[in-house]
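Engineer:
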């Protein structure tokens, strides 16, 4: 899956 | 940050405080599912572990601390301070039926095989179904106090607003998070039945009665 491991949402 | 996400977070904070205030003021946990609150505490602990080493913004950090502390405080009030008023006979949903599938899904769908990413996915999937014990309890008791209905409405609205936030972010910055979006849609769908009852009953000033 898309590798957006930067979680800026709560 | 956009208005949808901000309204979503405000709705979420509102839900958390409605519940805490209700239990604290009435000194009673009647009608509240302690099991759902335990699941929410697990959700926040699993998702906000990065609190201690990835600083995103003061807002982000404050909100994470608030959700963790408020959910722990709620569990404490239900199972310790006002334990005598906890309605264990109607709060019987087997939470392992949501914990295990969430864990399995986290091992299938995640963004990286790191502990924190698995914990994050687990918390996303778990949050989608964390309200089930509470909804189950409302159907078992056949009704919900008005204040509990307001709590559920605010809690359901939070993720519904997040869906609008994801649509907005997709079109403005191309941001797309399939795990959060899919789980968020499932989570919001679970509230639809309740939303219908809330709008047709509670907003007309009547008590929320789940037809037996």
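Residue numbers (the numbering used here), protein chains in the order written: chain A, 1 to 10; chain B, 1001 to 1212.
From the three backbone atoms N, C-alpha and C, an ideal C-beta is built for every residue, glycine too.
In this text the structure is predicted, and so the values were computed from the model without any measurement.
Which value, in whole angstroms, describes the spacing of the CA atoms of residue 1113(B) and residue 1119(B)?
Structural biologist: Answer to the nearest angstrom: the Cα atoms are 10 Å apart.
Engineer: Residue 1194(B) to residue 1085(B), Cα distance in whole Å?
Structural biologist: Going from the Cα of residue 1194(B) to the Cα of residue 1085(B) covers about 24 Å.
Engineer: In this structure, how does DSSP classify residue 1144(B) when only helix, strand and coil are distinguished?
Structural biologist: In the structure shown, residue 1144(B) sits in a strand (DSSP, three-state: E or B).
Engineer: Straight-line CA distance for residue 1143(B) to residue 1092(B)?
Structural biologist: Rounded to the nearest angstrom, the two C-alpha atoms are 16 Å apart.
Engineer: Measure the Cβ-Cβ separation of residue 1151(B) and residue 1015(B) and say whether it is below 8 Å.
Structural biologist: Yes; because the gap between Cβ atoms is below 8 Å, this pair is in contact.
Engineer: Would you call the segment 1121-1138 of chain B and the segment 1027-1041 of chain B touching, i.e. three or more CB-CB distances under 8 Å?
Structural biologist: At 8 Å Cβ cutoff, the stretches touch.
Engineer: Using a Cβ cut-off of 8 Å (strictly closer), state whether residue 1117(B) contacts chain A.
Structural biologist: At least one chain A Cβ lies under 8 Å of residue 1117(B).
Engineer: Give the straight-line distance between the Cα atoms of residue 1127(B) and residue 1103(B), rounded to the nearest whole angstrom.
Structural biologist: Their Cα atoms are separated by approximately 12 Å.
Engineer: Using only alpha-carbon positions, find the residue among 1178(B), 1154(B), 1168(B) that is nearest to residue 1106(B).
Structural biologist: Of the listed residues, the one whose Cα sits closest to residue 1106(B) is 1178(B).
Engineer: What separation, rounded to the nearest whole angstrom, lies between the Cα atoms of residue 1025(B) and residue 1046(B)?
Structural biologist: Going from the Cα of residue 1025(B) to the Cα of residue 1046(B) covers about 29 Å.
Engineer: Tell me whether the beta-carbon of residue 1066(B) lies closer than 8 Å to the beta-carbon of residue 1013(B).
Structural biologist: Result yes, Cβ atoms of residue 1066(B) and residue 1013(B) sit closer than 8 Å.
Engineer: Helix, strand or coil: which one does DSSP assign to residue 1164(B)?
Structural biologist: Residue state, collapsed to three classes: helix.
Engineer: From the DSSP output, which residues share a beta bridge with residue 1134(B)?
Structural biologist: Bridge partners of residue 1134(B): none, in fact.
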